[in-house]
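Protein chains in written order, with my numbering: chain A, 1 to 651; chain B, 1001 to 1651.
Quick reminder that beta carbons are idealized off the backbone N, C-alpha and C, glycines included.
Number of protein chains: 2
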Amino acid sequence: MRAAAVRHLKTDGSAASQSEIDAAVESLKALKIEAGAVARRLQAAVSTTSGGGSEAFRQAVVNTLERRLFYIPSFKIYRGVAGLYDYGPPGCAVKSNVLAFWRQHFVLEEGMLEVDCPCVTPEVVLKASGHVDKFTDLMVKDEKTGTCYRADHLLKDHCKEKLEKDLTLPAEKAAEMKHVLAVLDDLSSEELGAKIKEYGITAPDTKNPLSDPYPFNLMFQTSIGPSGLLPGYMRPETAQGIFVNFKDLYYYNGNKLPFAAAQIGQAFRNEISPRQGLLRVREFTLAEIEHFVDPEDKAHPKFSDVASLEFLMFPREAQLGGEQARKIILGEAVSKGTVNNETLGYFIGRVYLFLAHLGIDKDRLRFRQHLPNEMAHYAADCWDAEIECSYGWIECVGIADRSAYDLRAHTDKSGVQLVAHEKFSEPREVEKLVITPSKKDLGLAFKASQKMVTEALEAMTEKEALDMKAALESKGEAEFQVCTLGKTVAINKKMVSISMVKKKEHQRVFTPSVIEPSFGIGRIIYCLFEHSFYTRPSKAEDEQLNVFRFPPLVAPIKCTVFPLVKIPKFEDVAKQIAKSLTAAGISHIIDITGTSIGKRYARTDEIGVPFAVTVDSTSTVTIHGQSTWADVMWRFPTHSVTANDDAADQN
Amino acid sequence: MRAAAVRHLKTDGSAASQSEIDAAVESLKALKIEAGAVARRLQAAVSTTSGGGSEAFRQAVVNTLERRLFYIPSFKIYRGVAGLYDYGPPGCAVKSNVLAFWRQHFVLEEGMLEVDCPCVTPEVVLKASGHVDKFTDLMVKDEKTGTCYRADHLLKDHCKEKLEKDLTLPAEKAAEMKHVLAVLDDLSSEELGAKIKEYGITAPDTKNPLSDPYPFNLMFQTSIGPSGLLPGYMRPETAQGIFVNFKDLYYYNGNKLPFAAAQIGQAFRNEISPRQGLLRVREFTLAEIEHFVDPEDKAHPKFSDVASLEFLMFPREAQLGGEQARKIILGEAVSKGTVNNETLGYFIGRVYLFLAHLGIDKDRLRFRQHLPNEMAHYAADCWDAEIECSYGWIECVGIADRSAYDLRAHTDKSGVQLVAHEKFSEPREVEKLVITPSKKDLGLAFKASQKMVTEALEAMTEKEALDMKAALESKGEAEFQVCTLGKTVAINKKMVSISMVKKKEHQRVFTPSVIEPSFGIGRIIYCLFEHSFYTRPSKAEDEQLNVFRFPPLVAPIKCTVFPLVKIPKFEDVAKQIAKSLTAAGISHIIDITGTSIGKRYARTDEIGVPFAVTVDSTSTVTIHGQSTWADVMWRFPTHSVTANDDAADQN
């Protein structure tokens, strides 16, 4: 699940979460008091940059991508739809290469159970997951034209512009605006509305007044079947399809933990006003892994394979302390507790290897830990793989330990127990907490609220229950926060009995924790395009030529075949080579236009073809590679592409 | 585009189509008059069978598929949604293998331009394609409960039941019902309603009266963006994404014809009441090819590669003559004109090779030509690859020559010219038809209808115009059918001038024809499952074991590794072999449970694992293959899977 979505889902408000949220808010408030500079660094860390140079670079990349049909704005002849893009032929090939490698690197390598579920999803599933109620962005409307805007975008733009351009801005006001930017994602609807009013922000296009902010659900809604009575949505993530199948998948895996399920597929977000071009779109491909694990044992047998990797990490403390991301050895990050557990650490390492192998620049890739306020209350820990591009540091993969949240939510809603069993070799004596609310006494005290208080008592964690037991024994009464009521009530000894009882158990039944690496494939590909792009002067130095330097693994076309001069017998050799490349499953183009060899190279550079076979004569060919054969060997272990081995000249 | 959809789109009612439709209706009427038996054969050919034996077989297949998680009814813990299925791990692997082979066999082999467009589609695109107005099924409602049914299904069920079970049915009535079944797909809303009334058909569950039939659009509707003002649909096919990109793709291909574009992706159909289990679903994967070709030259340079193929074909004449499908050499079918042109023939041949390679039984695969009444009026010719399974002969691939229809529709709606150019080496003198309606005279004669008559005159084909010219010259007047008015009008010499004018032209500008092979991937996979399935007695002959005999190409898991006996050192060897299989990209499972080798084989048979490596000792392994190594070589050209080559024993 992407960070923004997680944010929308986090305010569930159980007793356990409230304290964490409070702590996060406190830490953010502290930032403002202690040092405005730190708040600013925080903002720079989580937000986007906008240098003039990077925008020119981006324009060059995007122009090349669109001109060579890596991307096409969808339905262009009908003037398009914001936030929808097609992959044209080379883009489509890159995507298919990235997904094939993802399957090899994750699904096959880890023996994951891949599934493929529909995009159309009935409401009940997304009600259970929280998306129907919480998957929203706050929106404001131009009160006259009805044009919609994201409330936080308008406030952000206003503050940024003031800070950048208003030279008369008092220091105090500047500090306040910096603070607003730092806490933007945490502002409530009311707080956002108040700031918009206070700063006098109007609709950008018309300067008309704006409505108060209100939540807009980001799911595309539809109706399943002809009756109109079964509402459905286009899934906002693929994960729910895996969670609802947990029981069958656990059985398929021989009722053993841990195991991982994976899914590649389309997901949908009906953005209010898509910005950031190819990075924020209304339909995108996700590749998600749900690794189910015993919450009491999050060790990973293969962790040692990745423990010695060293790469840029940006732990919570470094962010709050105003430091930069720095190189950390993964094994140390886990042993010191910076990363919560081995399994989470293992996936961080595997994601690093995946992205590095694709050609993402290691110096512009960092793993940033979520701050407490960014993280869902149930999450044990969460790290984003962020890639730096012209838009700033972009979240491309989220790796979260979501604990038991999702399986519990579906267990509650469906009534089907999504649990795992650990059979003991012999029965064990265990102490079990027994909470017995007295409905009669609670009813007398709380009347209509009795049911909610009872449920809250029954839902206490062991620690909460034991604390209450101690308070009841020492003071005869205990304070108890009932979130569903939104208030604290007083509980006395009569109302509940709490005891630890000894029992013999033959097995342990528990809800597995889930560790979820979730890949935004389109974002990874876009960043890869930026990292692979450079310009070089033409031979005559009269123009700049565009080059994508793709690793062979991702290159849309692996090889170009051209006859050095345009004569029939060279063309015949070229066609023969092309035929054997096809048979070997190697994508290629054959360029038999008569233009200069330099121009033909420039054309292939622009779509990132790593190898070229030039037909020099009817018996010899020259093979040129931008990269090493070792790279191409991953995909094509042993095929020889030379028509004439003796004469082949590899450089 | 699937046949059902084509049927909904066919009644466009241009002058050209009307005669064809009339002819089709006549030929169907003729069937009734000539021989009831022929009508019945026709019905058997286009409809489904239901033998007791095939249903038991189907149940055995489906049970195995669901038990081994090839499929899972989606959202099962919430009691599912009709017409939505997940692919579980082995099903997902089969699908991914089928798609990988599709890409190799079509995209790579033919150098097609693959694109990847969004599922969310704005209304304007599907308005142009005709789906908004015509992509409907006729529905009736239970007048009391509101439950919806497909009108044709109820009528079909009623007639079938009567014919099968009512022993007192008079011969005349039986003949009539057979005729109804034969022409079911061609009945209008009024005709369907009249038959339902006449036969006294009521709602199946409640016996309540039914509403009149009315059209229900089968697209899932949604709304794009927050304003609610931009209606959209989940695409019913992937083809439109290619058509709207024609201009860019043509440019990408160096402004040369022919070329093909391809797309694999999800498509959606909000079925009224899905039946036929896995064959009629609400979301499915399509793989579509749009091959653009000069309408004046539909030769194919590689046709000779497939000309000698011989397989079951079922031409129009054979169907109308009550014959069976028979083996025909493809080259002869094209040269005799049974198949309209070489390019269409080439794709029929390639589709045959594709399906045969996947493991579809050649004796249960036929290519059936559309009857005139099944075909869209603009289509030049259309053949379905039909596969026989327990549901009867199922359309799995449609291969249609759609002429210029789609590109013209989008040209008209978008105003962007989706055309190709052929530059002449030197200017050519051409005769051009010029039709000049006289708006003044037409206005006097037809008043408010003048515009429609004018447009109809301008839209005449060359042949129609020349016929009219001849009639005007000989008789001074001509009859002219104006479809948009729904009547025939009289045109005289004053109202229109028709002439052939000589012009010098430097290039020819034309709308390309499109030949569209469209693959229902889920249907192909389901038929493949049935064709690969058989049962064998267990060793003790006390039970029937299920076996999927997949070719290695599609097998979800290529290889099982098991130690012959459960001892640690055998397990170590097994794990070592598993590791090298992973590195080579070969999916496998390792079975180290201590159960008998026979039981372990039975388990792998049930998910169709073609190869097994048995660890007999620490230095030798035995490799068993159900199939030949040649098959697996397509995917893994040269990798050796033996841990110890000398000792490997291949049988």
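Next on the checklist: Can you check whether the C-beta of B:Phe1075 is within less than 8 Å of a C-beta belonging to chain A?
Outcome noted: Interface residue, yes.
Checklist entry - How about B:Lys1095: is its C-beta nearer than 8 Å to some C-beta of chain A? => result Chain A contact via Cβ: present.
Next on the checklist: Please list, in chain order, the residues of the segment 1106-1123 of chain B that have any C-beta partner in chain A closer than 7 Å.
Outcome noted: Per Cβ criterion, the list reads Leu1108, Glu1109, Leu1113, Glu1114, Val1115, Asp1116, Cys1117, Pro1118, Cys1119, Val1120 and Pro1122.
Checklist entry - From which residue to which residue does the alpha helix (DSSP H) around A:His531 run? => result Taken as a continuous stretch (DSSP letters only), the alpha helix (DSSP H) holding A:His531 covers Ile521 to Ser532.
Next on the checklist: Quick check on DSSP: helix, strand or coil for B:Val1509?
Outcome noted: Note: B:Val1509 maps to strand in three-state DSSP.
Checklist entry - Roughly how many angstroms separate the alpha carbons of A:Arg523 and B:Arg1402, rounded to a whole number? => result Roughly 37 Å separates the two Cα atoms.
Next on the checklist: Given a cut-off of 8 Å on the beta-carbon distance, is the pair A:Glu147 and A:Ala203 in contact?
Outcome noted: The residue asked about is misnamed: residue 147 of chain A is Thr in this sequence, not Glu. Yes, the pair counts as a contact, with Cβ atoms nearer than the cut-off.
Checklist entry - Looking at B:Ala1583 and the ligand ZN, is the gap between the Cβ and the nearest heavy atom below 7 Å? => result No copy of the ligand ZN appears in this structure; indeed no ligand is present at all.
Checklist entry - Candidates B:Gly1083, B:Ile1242, B:Val1132 and B:Arg1275: which alpha carbon is nearest B:His1153's? => result Selected option, being the one with the closest Cα: B:Arg1275.
Checklist entry - Would you say B:Gly1608 reaches chain A, if we count a Cβ-Cβ gap shorter than 8 Å as a contact? => result Taking Cβ atoms only, chain A never reaches closer than 8 Å to B:Gly1608, which makes this a no.
Checklist entry - B:Gly1200 CB to nearest chain A CB: under 8 Å? => result No, no contact with chain A.
Item to check | 6 Å Cβ shell around A:Tyr378 - same chain, five flanking residues per side excluded | outcome: So the qualifying residues of the chain are Ser403 and Tyr405.
Checklist entry - Of all Cβ atoms in chain B, is any one closer than 8 Å to the Cβ of A:Met139? => result Chain B, which has a Cβ nearer than 8 Å to the Cβ of A:Met139, makes this yes.
Checklist entry - Would you call the CB atoms of A:Val306 and A:Ile515 closer than 8 Å? => result No Cβ-Cβ contact shorter than 8 Å links A:Val306 with A:Ile515.
Item to check | Contact list for B:Pro1204 against chain A, beta-carbon separation under 7 Å | outcome: When 7 Å is used as the limit between beta carbons, B:Pro1204 is near no residue of chain A, the shortest such separation being about 16 Å.
Item to check | Check whether A:Phe75 and B:Pro1122 have beta carbons under 8 Å apart | outcome: Yes.
Next on the checklist: According to DSSP, simplified to helix, strand and coil, what is B:Phe1135?
Outcome noted: Looking at B:Phe1135 - three-state DSSP - the assignment turns out to be coil, as it is neither helix nor strand.
Checklist entry - Under 8 Å Cβ-Cβ, which residues of chain A neighbour B:Cys1092? => result Glu114, Val115 and Asp116, listed in chain order.
Item to check | Under the three-state DSSP convention, the category B:Ile1592 falls into | outcome: In this structure, B:Ile1592 counts as coil in the three-state DSSP scheme.
Checklist entry - Residue range of the alpha helix (DSSP H) that B:Ile1348 falls in? => result Counted as a single uninterrupted DSSP element, the alpha helix (DSSP H) harbouring B:Ile1348 occupies residues Glu1342 to Leu1358.
Item to check | Endpoints, beta strand (DSSP E) assigned at A:Gly625 | outcome: Here the beta strand (DSSP E) through A:Gly625 covers Val621 to Gly625.
Checklist entry - If we count Cβ pairs, one from each stretch, closer than 8 Å, do we get three or more for the segment 107-125 of chain A versus the segment 256-264 of chain A? => result Of all C-beta pairs linking the segment 107-125 of chain A to the segment 256-264 of chain A, three or more are shorter than 8 Å, placing the two stretches in contact.
Item to check | Segment contact flag, the segment 1251-1259 of chain B with the segment 1166-1182 of chain B, C-beta cutoff 8 Å, min 3 pairs | outcome: Contact fails: fewer than three Cβ-Cβ distances are below 8 Å.
Item to check | Assigned exposure category for B:Leu1229 - 16 Cβ within 10 Å defines buried | outcome: Answer is exposed; the Cβ neighbour count stays below 16.
Checklist entry - How long is the line joining the alpha carbons of A:Gln417 and A:Asp133, rounded to whole angstroms? => result Roughly 23 Å separates the two Cα atoms.
Item to check | Inter-stretch contact at 8 Å, needing at least 3 Cβ pairs: the segment 1563-1583 of chain B / the segment 1608-1625 of chain B | outcome: In this structure the segment 1563-1583 of chain B touches the segment 1608-1625 of chain B; the number of beta carbon pairs closer than 8 Å is three or more.
Next on the checklist: Strictly below 8 Å CB to CB, what residues from chain B border A:Ser414?
Outcome noted: In chain order: Ile1077 and Tyr1078.
Checklist entry - In the DSSP assignment, what residue or residues form a beta bridge with B:Arg1600? => result According to DSSP, which records beta bridges pairwise, B:Arg1600 is partnered with nothing at all.
Checklist entry - Roughly how many angstroms lie between the CA atoms of B:Phe1354 and A:Leu528, to the nearest whole one? => result Going by the C-alpha atoms only, they are around 34 Å apart.
Checklist entry - What does a CB cutoff of less than 7 Å around B:Ser1223 pick up in its chain, not counting 5 residues either side in sequence? => result Result list for B:Ser1223: Leu1230, Pro1231 and Gly1232, in chain order.
Next on the checklist: Just checking: is the beta-carbon of B:Gly1241 within a distance shorter than 8 Å of some beta-carbon in chain A?
Outcome noted: Taking Cβ atoms only, chain A reaches closer than 8 Å to B:Gly1241, which makes this a yes.
Next on the checklist: What does the Cβ neighbour count give for B:Thr1436, buried or exposed, with the cut at 16 atoms within 10 Å?
Outcome noted: Looking at its Cβ environment, which holds fewer than 16 other Cβ atoms inside 10 Å, B:Thr1436 is exposed.
Item to check | Spatial neighbours of A:Glu477 in its chain, beta-carbon cut-off 6 Å, leaving aside the 5 residues before and after | outcome: Same-chain partners within the cutoff: Ala490 and Asn492.
Next on the checklist: Let me make sure I understand the geometry here. Which of B:Val1244, B:Thr1593, B:Val1183 and B:Arg1150 has the alpha-carbon closest to that of B:Phe1216?
Outcome noted: Ranking the options by Cα distance to B:Phe1216, first place goes to B:Arg1150.
Item to check | Min CB distance B:Cys1148 to chain A below 8 Å | outcome: Yes, because at least one Cβ of chain A sits closer than 8 Å to the Cβ of B:Cys1148.
Checklist entry - Among the residues of its own chain, which have a CB less than 6 Å from the CB of B:Gly1013, if the five just before and after it don't count? => result Here the model assigns B:Gly1013 a pLDDT of 33, short of 50, so the residue's position is not dependable and the matter cannot be decided.
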